[in-house]
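Using our numbering, the first residue of the sequence shown is number -18, and each one after it goes up by one.
Where a beta carbon is used, it is the ideal one built from N, C-alpha and C, also for glycine.
Bear in mind that the values here come from a model prediction, so they are computed numbers and not experimental data.
For reference, the structure discussed in these notes is given below.
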Amino acid sequence: MKIISFEGIEGVGKSTQLRLLKDYLESKNFLVDVYREPGSTNTGEKIRDILLNSSNELSNEAELLLMFASRSELIKHKINKCKSDYLLLDRFYDASITYQGYGRKLSIPLIESLITFINCPVPNYSILLDIPVDEGFARKSNDDIDRIESSSKAFFERVRKGYIKIAKDNKDRFIKINASLDIDQIHQKIIKHIGL
Ligand code: TMP
């Protein structure tokens, strides 16, 4: 089983690319599972509602721990039991380093210890779709801004910077793709990166 994670700030087109890759892999007769974070388990989806509902006031620490509670459920109930050829993840632990570490300024060593604590597998491939913050938000079609999306522009600038650094430091699994390219160009780069 190979794990492929999709990362990036809001509005980069992760879901579109994830769907295209899923269709492509299935057209080659591979079995594919897709999960999103936070969420994708019974408890994880409830935690997602708490995390994203704008009427909830959460401390940064609670936000971090809820992300990891959801992730731990996903690993235990889905990832560890996965029998498919490919597991596509709409975000994974790199998002906690960027959003809660770089963005909320929580301790990155602490976040890394949580990654170890819940035995996160390392993705085989990670795809960073990168775009300037303003462009990303301009592309977002839905007008419902959730709790995390209502964070400041400076927050998302830090998140973007964090992603660029992580991609640079983990070249063995990461590819950084300019998300302003057209949809098919991006898709072709992803297929090439995963060696298909
Ligand atoms: P999305 O799945 O619609 O992109 O929404 C998930 C939101 O949660 C998004 O704003 C990124 C944020 N997030 C974190 O802050 N930390 C994490 O570890 C993960 C997985 C997501």
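For residue i, the three-state DSSP class (helix, strand or coil)
i	result
Ile129	coil
Glu(-9)	coil
Ser(-4)	helix
Val114	helix
Leu109	strand
Lys3	helix
Supposed close pair residue i, residue j - CB separation, criterion 8 Å
i	j	result
Gly20	Tyr144	Rounded, the Cβ-Cβ distance is 20 Å, inconsistent with contact.
Glu138	Val114	6 Å
Leu68	Ile(-16)	5 Å
Leu12	Ser65	4 Å
Lys146	Ile156	Actually they are not in contact, since the Cβ atoms of Lys146 and Ile156 sit about 15 Å apart, beyond 8 Å.
Arg128	Leu46	Rounded, the Cβ-Cβ distance is 15 Å, inconsistent with contact.
Lys121	Glu(-9)	6 Å
Tyr5	Ile167	In fact, because the Cβ distance is near 12 Å, the residues do not count as touching under 8 Å.
Glu18	Ser40	Not a contact, Cβ separation roughly 20 Å.
Residues of its chain near residue i, where Cβ-Cβ distance is below 8 Å and the 5 sequence neighbours each way are ignored
i	result
Met(-18)	Cys63, Lys64, Ser65, Asp66, Tyr67 and Leu68
Ile164	Gly(-6), Thr(-3), Gln(-2) and Leu1
Gly84	Ser132, Phe136, Phe137, Arg139, Val140 and Gly143
Spatial neighbours of residue i in its chain, beta-carbon cut-off 6 Å, leaving aside the 5 residues before and after
i	result
Tyr80	Val140
Phe(-13)	Lys(-5), Leu(-1), Asp71 and Ile108
Lys9	none
Leu95	Phe49
Asp75	Glu(-12) and Ile147
Ile175	Tyr106
Own chain residues within Cβ distance below 7 Å of residue i, not counting five before or after
i	result
Asn34	Arg128
Ile89	Ile78 and Gly82
Asn159	Asp111
Gly117	Ile(-10), Glu(-9), Gly(-8) and Val(-7)
| query | Can you list the alpha helix (DSSP H) stretches of 4 or more residues lying completely in the region 19 to 95, in chain order? | reply | Qualifying alpha helix (DSSP H) stretches, in chain order: 23 to 33 and 41 to 58.
| task | Only counting runs of 3 or more residues, tell me where the beta strand (DSSP E) segments fall wholly within the region 126 to 172, in order along the chain. | result | Under the rule that a run must span 3 or more residues, the beta strand (DSSP E) segments found entirely inside the region 126 to 172 read 155 to 159.
| Contact between the region 42 to 57 and the region 91 to 102 (3+ Cβ pairs under 8 Å) | Yes, the region 42 to 57 touches the region 91 to 102.
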